[in-house]
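In this text, residue positions in the sequence shown follow this note's numbering: the first is 70, and each later residue adds one. In this text, a Cβ means the ideal position worked out from N, Cα and C, and glycines have one as well. All figures in this text were calculated on a predicted structure; none of them were measured in a lab. Data block below; observations after.
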Amino acid sequence: MTASSDDARFRGVFAIPPTPFADDWQVDERSLRRAVEFTVQAGAHGIVAPVNASEGIILTDAERLRVAEILVDQTAGRVPVIIGVSGVSTAASALYARHAASIGADAVIAMSPYVKHAPPSEIVVFYAALAAAADGLPVWIQNNPGPVGTPMSAELMARILNESQAVRFIKEESEHAPQVISRVRALAGGKLGGVMGGMGGRFMLEEYRRGACGTMPAAEVADVHVLVWNALESGDLDEARRLHTILLPLLNYEALYTSAIYKEVLVRRGIIASSRSRLPGAAQLDDENQREIDALLRDLSPLLTLGLQPEIDV
């Protein structure tokens, strides 16, 4: 299979809403719908979840399936939805992928099985099985570093692309990711529908120059990521760098504290009700953290196209 016009659907900022939790630690479905609606209204070109940034690994199977259903329902076809189907085994990922196909998702994305990490030969078999389970949906490889992910070489990813008709895309966030983007594009040729960067969009400018078709950041300031991307697409590289430089301090802070920052910013923006996390060892923000978030949002506020607290009805 060679690149098709259909690949153009997967271009731009594909943002990742969090999984919010209520006081009883169950999934807060209203906050989730508000987070999805915010992401769409912020101008994101697509939605991705449940994945690492949305705490997908700590959801039960029933919760994962329900989250996927909410994502597709709330988005209502306005932008493509890529469902995260990473699991502890091939069987688990296949279950999630079959469900994603049945509810009308536009694609699936997965790391190879985590907890027990597979060798390259088994990773090839995993993606073949995942493609079969996805029933014709495009499949994304998520190349993620440990401890959850199993980093793959550009050569291995190109092999997977060449051996599968359905595996077409890559989210690249391993060590030296921009160089890996260049390498895999050279190796895979027309078999590669596109590759997006990760790591919060911190390296979006270089990734774009190397041919990335987009980026997959957490959604708390999706409106600002969209401004950067649109400047790149318009050819205004100086403006893209100016905007990205203003955004970067928050991206660096979220790299340090991960989901605690994604959720706290969305709480501050009035989108979700709580910043609770089920992740073992999740950061607990103290008063100094809150003061730093105050400063970061103050600096970013002129770029928040929806405002600090947009009106979101669901």
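Rounded to whole angstroms, what is the Cα-Cα separation between Ala72 and Trp94? At Ala72, the pLDDT of 41 sits below 50, so the modelled position is not reliable and the matter cannot be decided from this model.
Compute the distance between the beta-carbons of Ala309 and Ala329, then report whether it is under 8 Å. no
Give, in chain order, every unbroken run of the beta strand (DSSP E) that is at least 3 residues long and sits entirely within the segment 140-172. Annotation note: the segment 140-172 contains the following uninterrupted beta strand (DSSP E) runs of length 3 or greater, listed N- to C-terminal: 150-153.
Counting C-beta neighbours from all protein chains within 10 Å, is the total for Asp382 16 or more, i.e. buried, or is it exposed? Exposed, since its Cβ has fewer than 16 Cβ neighbours within 10 Å.
Own chain residues within Cβ distance below 6 Å of Gly81, not counting five before or after: His114, Gly283 and Trp298
Decide if Met70 is buried, meaning its Cβ has at least 16 other Cβ atoms within 10 Å, or exposed. Model confidence at Met70 stands at a pLDDT of 33, short of 50, so the residue's coordinates are unreliable; what they give is reported in the following sentence. Exposed: under 16 other Cβ atoms inside 10 Å.
Return the chain-ordered ranges of every beta strand (DSSP E) run that is complete within the segment 219-290 and spans a minimum of 3 residues. 236-241 and 263-266
Which runs of the alpha helix (DSSP H) at least 4 residues long sit entirely within the segment 289-333? Give them in chain order. 291-303 and 306-326
Within 8 Å, do at least three Cβ pairs link the segment 258-275 to the segment 95-103? no
Are the CB atoms of Val150 and Ser162 within a distance shorter than 8 Å? Taking a C-beta distance under 8 Å as the contact criterion, Ser162 and Val150 do not qualify as a contact pair.
Alpha-carbon spacing of Gly205 relative to Arg99, whole angstroms: 31 Å
Work out the CA separation of Val136 and Val96 for me, nearest whole Å. 8 Å
For Val82, the first and last residue of its enclosing beta strand (DSSP E): Residues Gly81 to Ala84.
Helix, strand or coil at Gly115 according to DSSP, with G and I counted as helix: strand
How about the segment 337-353 and the segment 273-283: do they share at least three Cβ pairs that are nearer than 8 Å? no
Distance check for Glu224 and Arg345, CA to CA, integer angstroms please. 40 Å
Distance between Leu369 and Ile315 (C-alpha atoms, nearest Å): 7 Å
Sort out for me which residues DSSP pairs Trp209 with in a bridge. Ile178 and Phe238
Identify, in the order they occur along the chain, each residue of the same chain with its Cβ nearer than 7 Å to the Cβ of Glu132, setting aside the five sequence neighbours on each side. Val96
Check whether the segment 186-194 touches the segment 224-234, counting contact only when three or more Cβ pairs, one atom from each stretch, lie closer than 8 Å. yes
Are the CB atoms of Ala179 and Gln211 within a distance shorter than 8 Å? yes
Does the Cβ of Val109 have 16 or more other Cβ atoms within 10 Å, making it buried, or fewer, making it exposed? buried
What is the DSSP secondary structure of Val105, counted as helix, strand or coil? helix
Using the Cβ count rule (16 or more neighbours within 10 Å means buried), how would you classify His385? There is no way to answer for residue 385, as the model of the chain reaches only from 70 to 383.
Close-in-space but distant-in-sequence residues of the same chain around Gly125 (CB under 6 Å, 5 per side omitted): Pro119 and Gly153
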